[in-house]
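Visitor: What follows is a structure written as structure tokens; I'll ask about it next.
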Ligand SMILES: *Cc1c(COP(=O)(O)O)cnc(C)c1O
């Protein structure tokens, strides 16, 4: 195997004594580090690379060029809503009044920030139909956990906390759903999806008892379908004394078109980094929101932002039934600014075009490719389509995985693969509303070309990709044998890059 990268690692560029900066000569009395740190002083200095400023700059610039993102190309990762992050968001979030605000600043000096958060909550209430919204959670999964904590507090307040220990989760759900339920101390029970792609109501009814605390339902489901049984499911859960959480990661199909609270949900999380165009940042900083119906309002985290009688905004802690804080300060504020800018730039009426065009684009994509890649369920899709490649596997030994790898050669980020788990050899394509018909056509043409390759030259797909910095990797090996730190040795034999001059 060749080197993982074709340029030296920053550690390999290191030359003892080379410096990028020369700090000023110290003009205050010094104290030996050992006195300051005692036993915490490490015996050896860390093996940091010693490089010039230019070496460091090149290292990071080259790494950034290896990064594929929405600013580079089409990124149809289903369920992730990789939409364009309009630059107006960044411009607003970079205003110094926002960037220089300190979370410990007194309320009297934070009025603008508080007003922005309050108005964002109001906007999200209007979009979802819920009675109240909190902005404290910093991710979707965090919003799931927060919602379940609220549901738990609700049952405890009614003296049913010890009894209601089960959370129902559909078999198509995102993996974070059962994980959040387990983390919150619930037992998870799976509910099947019926042949039409909706929640199986008979199975749901059979699973109901006075031990059920809640159901976590995704609508549109992760099959990219509007769950026509969602309203009935909410009724059944309520009749059994349980509550219903909506996984709101798929809100892109509904914005301005339908309000989840009207369907009957008691709470939902919103991924601002999906539907409301804040950046998905490699694990953070994220920002979320959770909307709740009246009966969960008393349990919301504190502080809550409330308008005062004199037209100002205040942080209120006086909520005795609150579950307390779920994050330091008020969440990741600058991402809230971005989401606010996005919503305001659209304006109330035009928000509806988000949902409409997202659904139109996904159905256009499906119409272009369905003869080669049939959908998991024969229905109109919502903001994403789930297709299967199982016939290519059966007839030609080509898996969805091979198709995804081959797409890299065509310059596209692959769709989500093998999720939802109930569809064999599936690909989940979410174009989002920000893409043009031309881009959708280029992607559809690439997929159709790959379908032809699968039938005529399956080995081409089985060995793809060819045009990427690295070829097919041992992904299971990489996941199981983590080498995340430079260990002072060159792991792969060094090849001298060919000289182009
Ligand atoms: C993205 C996603 C989540 C989790 O959101 P994070 O912000 O990544 O934690 C949950 N459910 C669904 C359906 C999702 O697509």
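Residue numbers (our numbering): -10 to 490. Each residue gets a CB set at the ideal place from its N, CA and C atoms; glycine is no exception.
State the CB to CB distance for the pair residue 124 and residue 325, rounded to an integer number of angstroms; the pair is presumed to be in contact (CB under 8 Å).
Guide: Within the chain shown, numbered from 1, the residue matching residue 124 stands at position 135. Within the chain shown, numbered from 1, the residue matching residue 325 stands at position 336. Indeed they touch by this definition, with Cβ atoms about 6 Å apart.
Visitor: With distances taken from each beta carbon to the nearest heavy atom of ligand 1, which residues come in below 7 Å, in chain order?
Guide: 68, 69, 128, 129, 130, 131, 133, 163, 165, 166, 207, 211, 236, 238, 239, 260, 262, 263, 275 and 277
Visitor: Name the DSSP beta bridge partners of residue 106, please?
Guide: By 1-based counting over the chain shown, the position of residue 106 is 117. Its beta-bridge partners do not exist; DSSP assigns none.
Visitor: Taking only three categories from DSSP, how would you classify residue -1?
Guide: Taking the first residue of the chain shown as 1, we reach residue -1 at position 10. Residue state, collapsed to three classes: coil.
Visitor: Here's the rule: buried if 16 or more other CB atoms are within 10 angstroms of the residue's CB, otherwise exposed. What is residue 339?
Guide: As a first step, residue 339 must be located in the chain shown, where it is residue number 350. Residue 339 is exposed by the Cβ-count criterion.
Visitor: Who pairs with residue 230 in a beta bridge, going by DSSP?
Guide: One-based indexing of the chain shown puts residue 230 at position 241. DSSP, once it has assigned bridges, lists no residue as partnering residue 230.
Visitor: For residue 486, count neighbouring Cβ atoms within 10 angstroms of its own Cβ and tell me buried if that reaches 16, exposed if not.
Guide: Along the chain shown, one-based indexing puts residue 486 at 497. A caution first: residue 486 carries a pLDDT of 42, below 50, which makes its placement in the model too unreliable to give a value.
Visitor: Can you tell me whether residue 444 is buried or exposed, with buried defined as 16 or more other CB within 10 angstroms of its CB?
Guide: Position 455 of the chain shown, counted from the first residue, corresponds to residue 444. So residue 444 counts as exposed.
Visitor: Classify residue 283 as buried or exposed, calling it buried when 16 or more other Cβ atoms lie within 10 Å of its own Cβ.
Guide: Locating residue 283 in the chain shown gives position 294, where the first residue counts as 1. The residue is exposed, with fewer than 16 neighbouring Cβ atoms inside 10 Å.
Visitor: From what residue to what residue does the alpha helix (DSSP H) around residue 85 run?
Guide: Here residue 85 refers to the residue found at position 96 when the chain shown is read from its first residue. First-last of the alpha helix (DSSP H) with residue 85: 85 to 88.
Visitor: Got a sec? Which residues, its chain only, sit under 7 Å from residue 220 by beta carbon, not counting five neighbours each side?
Guide: Along the chain shown, read from residue 1 onward, the residue named residue 220 stands at position 231. Cβ neighbours of residue 220 beyond the five flanking positions: 252 and 253.
Visitor: Secondary structure at residue 245, three-state DSSP: helix, strand or coil?
Guide: Within the chain shown, the letter at position 256 stands for residue 245. Residue state, collapsed to three classes: coil.
Visitor: Taking the C-alpha atoms as reference points, what is the distance between residue 397 and residue 76?
Guide: As a first step, residue 397 must be located in the chain shown, where it is residue number 408. As a first step, residue 76 must be located in the chain shown, where it is residue number 87. Here the alpha carbons of residue 76 and residue 397 stand approximately 27 Å from one another.
Visitor: Just to check my reading of the structure: residue 285 and residue 436 have Cβ atoms closer than 8 Å, yes? What is that Cβ distance to the nearest angstrom?
Guide: The residue you call residue 285 lines up with position 296 of the chain shown. The residue you call residue 436 lines up with position 447 of the chain shown. About 43 Å separates the two Cβ atoms, so there is no contact after all.
Visitor: Is the CB-CB distance between residue 334 and residue 166 below 9 Å?
Guide: Residue numbering aside, residue 334 sits at position 345 when the chain shown is read from its first letter. Residue numbering aside, residue 166 sits at position 177 when the chain shown is read from its first letter. Note that the C-beta distance between residue 334 and residue 166 is not below 9 Å.
Visitor: Are three or more beta carbon pairs between the stretch 62 to 75 and the stretch 408 to 422 nearer than 8 Å?
Guide: yes
Visitor: What residues in its chain sit with their C-beta under 6 Å from that of residue 361, if we drop five residues either side in the sequence?
Guide: Indexing the chain shown from 1 puts residue 361 at position 372. The residues are 437 and 440.
Visitor: Taking the alpha-carbon positions, what's the residue 490 to residue 463 distance?
Guide: Position 501 of the chain shown, counting from 1, holds the residue named residue 490. Position 474 of the chain shown, counting from 1, holds the residue named residue 463. The predicted position of residue 490 is uncertain, since its pLDDT is 38 and thus under 50; a value taken from the coordinates is nonetheless stated next. Near 34 Å, if we compare the C-alpha coordinates of residue 463 and residue 490.
Visitor: Residue 163: buried (16+ other C-beta within 10 angstroms of its C-beta) or exposed?
Guide: Stepping through the chain shown from its first residue, residue 163 is reached at position 174. Under this definition residue 163 is a buried residue.
Visitor: Give me the Cα-Cα distance between residue 248 and residue 7, rounded to the nearest whole angstrom.
Guide: Within the chain shown, numbered from 1, the residue matching residue 248 stands at position 259. Within the chain shown, numbered from 1, the residue matching residue 7 stands at position 18. One C-alpha to the other measures close to 60 Å.
Visitor: Going by beta-carbon coordinates alone, are residue 370 and residue 364 separated by less than 9 Å?
Guide: Position 381 of the chain shown, counted from the first residue, corresponds to residue 370. Position 375 of the chain shown, counted from the first residue, corresponds to residue 364. Yes, the Cβ-Cβ distance between residue 370 and residue 364 is below 9 Å.
Visitor: What distance in whole Å lies between the Cβ atoms of residue 133 and residue 269, which are believed to be in contact at a cut-off of 8 Å?
Guide: Position 280 of the chain shown, counted from the start, is the residue given in the question as residue 269. Position 144 of the chain shown, counted from the start, is the residue given in the question as residue 133. The beta-carbon distance between residue 269 and residue 133, rounded to whole angstroms, is 17 Å. This is too long to meet the 8 Å contact definition.
Visitor: Round the Cβ separation of residue 160 and residue 179 to the nearest angstrom and send it over; I've been treating them as touching at under 8 Å.
Guide: Working through the chain shown from its first residue, we reach residue 160 at position 171. Working through the chain shown from its first residue, we reach residue 179 at position 190. Yes, residue 160 and residue 179 are in contact; Cβ-Cβ is about 5 Å, under 8 Å.
Visitor: Would you mind giving the Cβ-Cβ distance between residue 401 and residue 432, rounded to the nearest angstrom? I have them listed as a contact below 8 Å.
Guide: For the purposes of this step, residue 401 is taken as the residue at position 412 of the chain shown. For the purposes of this step, residue 432 is taken as the residue at position 443 of the chain shown. The pair is a contact, with the Cβ atoms about 6 Å apart (cut-off 8 Å).
Visitor: According to DSSP, is residue 444 helix, strand or coil?
Guide: Locating residue 444 in the chain shown gives position 455, counting from the first residue. In the structure shown, residue 444 sits in a helix (DSSP, three-state: H, G or I).
Visitor: What whole-angstrom Cβ distance do residue 289 and residue 96 have, given they're in contact under 8 Å?
Guide: Translated into positions along the chain shown, residue 289 becomes position 300. Translated into positions along the chain shown, residue 96 becomes position 107. In fact, because the Cβ distance is near 19 Å, the residues do not count as touching under 8 Å.
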